[in-house]
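Data first, discussion second: the structure below is written as structure tokens.
Numbering (the working numbering), first residue to last: 915 to 1086.
Structure below.
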């Protein structure tokens, strides 16, 4: 063996090592990107589920608020059908609050304290409305409208924060 063979073999060995290291580097980099993308998609999916849970509660609450506004503050104006419907919606609203607990646990898993706080403010305002605005419990329609406006504002704040988080996670 002469020096050129040794240098050639060493060069091929070093070149092979460089190509091998580059292949390992790019494979690991690609795998890391895939894992990060999967985590991001999972977070997006959980945020979508939170929106779904809160949406169910919002829908039932809207039906409840519409019926209460239709009936007004006086119990005497309530028909038997409206009374049954109101009782049914009250029970449905209580039952659907389980969705809020599920959404809250998902937000805790995601570490979304700001979003969780916005959701709590929104749902607390809904609960306050349900407690205060019921035929026979309130006398001023303007107070009920004001409380309904506050619920709407809390809803907007919650969905604004949710939208911001969703946009951050989806890269939009």
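Yeah, the Cβ is synthetic: ideal placement off N, Cα and C, and Gly gets one too. All of these numbers come straight from a predicted model, not from anything done at the bench.
Decide if residue i is buried, meaning its Cβ has at least 16 other Cβ atoms within 10 Å, or exposed.
i, result
"residue 938", "exposed"
"residue 967", "buried"
"residue 972", "buried"
"residue 946", "exposed"
"residue 991", "exposed"
"residue 1062", "buried"
"residue 964", "buried"
"residue 955", "exposed"
"residue 940", "exposed"
"residue 1021", "buried"
"residue 994", "exposed"
"residue 1008", "exposed"
"residue 942", "exposed"
How would you write the range of the alpha helix (DSSP H) that residue i sits in, first residue to last?
i, result
"residue 1008", "994 to 1010"
"residue 1039", "1027 to 1046"
"residue 1073", "1055 to 1084"
"residue 944", "917 to 985"
At the level of alpha carbons, what is the spacing between residue i and residue j?
i, j, result
"residue 1010", "residue 933", "59 angstroms"
"residue 1079", "residue 1033", "13 angstroms"
"residue 1096", "residue 928", "Here the chain has residues from 915 to 1086 only, and residue 1096 is not among them."
"residue 953", "residue 1085", "13 angstroms"
"residue 1072", "residue 1064", "12 angstroms"
"residue 977", "residue 1074", "22 angstroms"
"residue 1012", "residue 970", "10 angstroms"
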